[in-house]
């Protein structure tokens, strides 16, 4: 059926989860079990060429091992590191098994594309998080050796050098997928008096809140073009926007997709190999406003609305169909800026803020004292 429609699927095996009940992200056997499943999938569908064995391993490791939102609900660095490395090993081992069936199979590695900004007191934490955001890419591209900024961090929290060596010996992804949302750029703020309704967290050294940068930064905000260009320039691999979605009315959804589309066009003009921009999720999603931690039934339409049981194309679908047929054209919604480009987006007092750090990474406070502290 997919072939009849002219569709080439990118097949995902695991999306923000840990598989069947007999395993989990911290299980030493997790990579082998996913590889076995991947082999079975490849045997059933030997014509499939593109695979994403694990979607967003870094994000999943954060939410499952560091923040406790998802199973197995751990909240420590050791669990985060183990979950991340397990998923990266599982990705590579899955591709090895798939390629034994289909040598032409290609790895599309997807990860959230964001960055962290901060008040002056928290720049050291932002430095760490801006290194960490690339860690799944770095692991799968074989870049994590003794010279990597987070090598000591990984080793301190239980990752064996032999595991890192295994990842260095395997081929890199064929394409890097960037999942970018308007909330992907974060701001760390120690001015707690401005956030009485938000529970502050911390790192053992400072207490602070982690909020959407678009709601705070009147200047120095990072936009899709800058982030996509940074990703492409860092790895020199083909990239694609693999998730482009906004939980808002359809006019704002069109404006957000247009923002990402034009950022991709600018990147291509600048020499970055951008292959696609993807309308995800095409059929919408339930309960992502709370990261699927509660079953509330809140639905966000995508290009199609499925609430009545039959996919109904929205105005976004019609806009996308026109975009796919030719050059980016006009749409009435594009006559006004998206809300993220308006002054009314600011909900909190803007601080003095530096653009995201490009200098050396500061060590995580839990592993060692920050340089210069």
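Residue numbers (this note's numbering): 6 to 378.
Note that beta-carbon positions come from the ideal geometry of N, C-alpha and C, so glycine has one too.
> For the 8 Å Cβ check, are there 3 or more pairs between the segment 167-176 and the segment 137-157?
Replying inline: yes
> What's the C-alpha gap between residue 9 and residue 17?
Replying inline: Looking up residue 9 in the chain shown gives position 4. Looking up residue 17 in the chain shown gives position 12. Cα to Cα, residue 9 sits roughly 21 Å from residue 17.
> Taking contact to mean at least 3 C-beta pairs separated by less than 8 Å, is the segment 195-205 in contact with the segment 225-239?
Replying inline: no
> If we ignore side chains and look at the alpha-carbon of each, how far apart do residue 60 and residue 350 end up?
Replying inline: Numbered from its first residue, the chain shown carries residue 60 at position 55. Numbered from its first residue, the chain shown carries residue 350 at position 345. Across the structure, residue 60 and residue 350 are spaced so that their CA atoms are roughly 30 Å apart.
> When you compare each of 82, 161, 319 to residue 287 by their alpha carbons, which one comes out closest?
Replying inline: For the purposes of this step, residue 287 is taken as residue 282 along the chain shown, with counting starting at 1. Taking only the C-alpha atoms, the option nearest residue 287 is 319.
>> On a Cα-Cα basis, can you pick out the residue from 35, 153, 37, 182 that is closest to residue 280?
In response: Within the chain shown, residue 280 is the residue found at index 275, counting from 1. Closest option to residue 280, Cα to Cα, is 182.
> Thinking just about the alpha-carbon of each residue, which of 301, 317, 299 is nearest to the one in residue 307?
Replying inline: For the purposes of this step, residue 307 is identified with residue 302 of the chain shown, where counting begins at 1. The candidate whose alpha carbon is nearest that of residue 307 is 317.
> In chain order, what residues of the same chain have a beta carbon less than 6 Å from the beta carbon of residue 126, not counting five sequence neighbours either side?
Replying inline: Position 121 of the chain shown, counting from 1, holds the residue named residue 126. Excluding positions up to five away in sequence, the list reads 195.
> Among the residues of its own chain, which have a CB less than 6 Å from the CB of residue 359, if the five just before and after it don't count?
Replying inline: As a first step, residue 359 is located in the chain shown; it is residue number 354 there, counting from the start. Note that residue 359 scores a pLDDT of 46, beneath 50, so its modelled location is shaky and nothing firm can be said.
> Does the separation of the CB atoms of residue 69 and residue 77 fall below 9 Å?
Replying inline: The residue you call residue 69 lines up with position 64 of the chain shown. The residue you call residue 77 lines up with position 72 of the chain shown. Yes; because the gap between Cβ atoms is below 9 Å, this pair is in contact.
> Helix or strand or just coil, what does DSSP make of residue 164?
Replying inline: Position 159 of the chain shown, counting from 1, holds the residue named residue 164. Three-state DSSP puts residue 164 in coil, outside helix and strand.
> Can the beta-carbon of residue 187 be found less than 9 Å from the beta-carbon of residue 216?
Replying inline: Looking up residue 187 in the chain shown gives position 182. Looking up residue 216 in the chain shown gives position 211. No.
> Given residue 110, which residues of its chain have a CB within under 8 Å of its CB, disregarding the five upstream and five downstream residues?
Replying inline: Against the chain shown, residue 110 aligns to sequence position 105. Here the set comprises 47, 53, 54, 55, 56, 100, 103, 104.
> Quick one: Cα of residue 257 to Cα of residue 120, how far?
Replying inline: Counted from its first residue, the chain shown places residue 257 at position 252. Counted from its first residue, the chain shown places residue 120 at position 115. Rounded to the nearest angstrom, the two C-alpha atoms are 23 Å apart.
> Is the distance from the Cβ of residue 305 to the Cβ of residue 290 below 9 Å?
Replying inline: Here residue 305 corresponds to residue number 300 of the chain shown, with the count starting at 1. Here residue 290 corresponds to residue number 285 of the chain shown, with the count starting at 1. Between residue 305 and residue 290, the CB-CB gap stays under 9 Å.
> For residue 93, which residues from the same chain have a beta carbon less than 7 Å from its beta carbon, with the 5 sequence-adjacent residues on both sides left out?
Replying inline: For the purposes of this step, residue 93 is taken as the residue at position 88 of the chain shown. Cβ neighbours of residue 93 beyond the five flanking positions: 62, 141, 144, 145, 172.
> Can you list, in chain order, the residues of its chain whose CB lies under 7 Å from that of residue 89, leaving out five sequence neighbours each side?
Replying inline: The count along the chain shown starts at 1 and reaches residue 89 at position 84. A distance below 7 Å between beta-carbons, with the five flanking residues on each side excluded, links residue 89 to the following residues of its chain, in chain order: 62, 63, 66, 140, 141.
>> So within the segment 231-281, which uninterrupted beta strand (DSSP E) runs reach at least 3 residues, ignoring any that extend past its ends?
In response: Along the segment 231-281, the beta strand (DSSP E) occurs as fully enclosed runs of 3 or more residues at 244-248, listed in sequence order.
>> Measuring only the C-alpha atoms, how far is residue 265 from residue 79?
In response: Taking the chain shown and counting its residues from 1, the one referred to as residue 265 is at position 260. Taking the chain shown and counting its residues from 1, the one referred to as residue 79 is at position 74. Rounded to whole angstroms, residue 265 and residue 79 show a C-alpha spacing of 34 Å.
> Cα separation between residue 190 and residue 154?
Replying inline: The residue given as residue 190 occupies position 185 in the chain shown. The residue given as residue 154 occupies position 149 in the chain shown. The straight-line gap separating the alpha-carbon atoms of residue 190 and residue 154 is approximately 21 Å.
>> My assumption, with CB atoms under 8 Å, is that residue 222 sits in contact with residue 342. Please give the rounded CB distance.
In response: One-based indexing of the chain shown puts residue 222 at position 217. One-based indexing of the chain shown puts residue 342 at position 337. Not confirmed; about 16 Å, so no contact.
>> So for residue 58, helix, strand or coil by DSSP?
In response: In the chain shown, residue 58 corresponds to position 53, counting from 1. In this structure, residue 58 counts as strand in the three-state DSSP scheme.
> For residue 114, does the count of other Cβ atoms within 10 angstroms reach 16, so buried, or fall short, so exposed?
Replying inline: On the chain shown, residue 114 is found 109 positions in, with the first residue counted as 1. Burial call: buried.
> Measuring CB to CB, does residue 310 end up less than 9 Å from residue 303?
Replying inline: Residue numbering aside, residue 310 sits at position 305 when the chain shown is read from its first letter. Residue numbering aside, residue 303 sits at position 298 when the chain shown is read from its first letter. It is not a contact, given that the beta carbons lie outside the stated cut-off.
> Which residue comes first and which comes last in the alpha helix (DSSP H) that contains residue 106?
Replying inline: As a first step, residue 106 must be located in the chain shown, where it is residue number 101. Per DSSP, the continuous alpha helix (DSSP H) segment holding residue 106 begins and ends at 82-106.
> Can you tell me where the beta strand (DSSP E) with residue 111 in it begins and where it stops?
Replying inline: For the purposes of this step, residue 111 is taken as residue 106 along the chain shown, with counting starting at 1. 111-117 is the extent of the beta strand (DSSP E) around residue 111.
> For residue 184 versus residue 270, is the C-beta spacing smaller than 9 Å?
Replying inline: Numbered from its first residue, the chain shown carries residue 184 at position 179. Numbered from its first residue, the chain shown carries residue 270 at position 265. The answer is no: Cβ separation not under 9 Å.
>> Measuring only the C-alpha atoms, how far is residue 180 from residue 246?
In response: Numbered from its first residue, the chain shown carries residue 180 at position 175. Numbered from its first residue, the chain shown carries residue 246 at position 241. About 10 Å.
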